[in-house]
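Encoded as structure tokens, the structure appears first; notes follow it.
This is how it looks when you write it as structure tokens:
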């Protein structure tokens, strides 16, 4: 690549380049291991940058050299667009808290906080005995379920008391579409697929940790995705 022999003063060239950079999108970057200069070209869709890099001290005077032929290593930074997301996460559906004994939790949330209990759920398969509370106005799309859980058998899995803040639940408007799309993006789900949850809604869980095949997990947090009913979709969309 050769630098043009007709040049503006260095300060003007840099100022012109900086002005374009604030308004246009960089489309390509060429890195050279021998020399540095900065060129910009206005285009209908953005700016192209060519950068030559020298492993020596740089100075403004070095930018005004006239012609230097160099070999280049080119890297293209094309913008990558994520496929359209065919679902929407609408809001927080629940918070699930676990303990070896849920009685102190129930005392705190019901008697101290005044959050009303609306039901209970027990499952040998899921090793859970839980009280279901509702934070907010009944029937409101913004109300949040609070599940206070204890294991039926502390020595069996799943251990619903570990960690104490066991999982959070998120309303989604199309659970099946969400699972299919997330799996295509590398999200790891726990075994069991989509099934009925304690509140009667279809649910599934994102694994706290990714693996080699599906590298995206919940960052250490178990995340429940919950199919929102129509009234919640209408209220939160």
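Residue numbers (my numbering): 2 to 238. Think of the CB as a built atom: it goes at the ideal place given N, C-alpha and C, for glycine as much as any other residue.
Could you check the C-alpha separation between residue i and residue j for me, to the nearest Å?
| i | j | result |
| --- | --- | --- |
| residue 112 | residue 189 | 38 Å |
| residue 181 | residue 102 | 37 Å |
| residue 211 | residue 154 | 27 Å |
| residue 195 | residue 207 | 11 Å |
| residue 161 | residue 148 | 11 Å |
| residue 150 | residue 135 | 14 Å |
| residue 172 | residue 152 | 25 Å |
| residue 226 | residue 197 | 11 Å |
| residue 219 | residue 209 | 4 Å |
| residue 231 | residue 237 | 10 Å |
| residue 142 | residue 193 | 27 Å |
| residue 130 | residue 138 | 24 Å |
| residue 157 | residue 221 | 20 Å |
| residue 191 | residue 90 | 19 Å |
| residue 125 | residue 224 | 21 Å |
| residue 265 | residue 233 | Nothing in the structure corresponds to residue 265, since the chain is present only between 2 and 238. |
| residue 84 | residue 187 | 13 Å |
| residue 229 | residue 185 | 22 Å |
| residue 120 | residue 146 | 11 Å |
For the beta strand (DSSP E) that residue i lies in, which residues bound it at each end?
| i | result |
| --- | --- |
| residue 146 | 145-151 |
| residue 93 | 90-99 |
Per DSSP, residue i forms a beta bridge with which residues?
| i | result |
| --- | --- |
| residue 223 | 168 |
| residue 190 | 207 |
| residue 131 | 122 and 150 |
| residue 138 | Answer is none; residue 138 lacks a bridge partner. |
| residue 217 | 188 |
| residue 173 | 90 and 228 |
| residue 197 | 203 |
| residue 115 | Looking at the DSSP assignment, residue 115 forms no beta bridge with any residue, so it has no partner. |
Would you kindly report the start and end of the unbroken alpha helix (DSSP H) that includes residue i?
| i | result |
| --- | --- |
| residue 180 | 176-185 |
| residue 232 | 231-237 |
| residue 158 | Taken as a continuous stretch (DSSP letters only), residue 158 belongs to no alpha helix (DSSP H), as it is neither H nor E. |
| residue 104 | 104-107 |
So residue i and residue j are in contact, right, with Cβ under 8 Å, and what is the actual spacing, rounded?
| i | j | result |
| --- | --- | --- |
| residue 176 | residue 203 | 5 Å |
Counting beta carbon pairs with one atom in the stretch 158-173 and one in the stretch 96-105, are three or more of them shorter than 8 Å? Yes, the stretch 96-105 touches the stretch 158-173.
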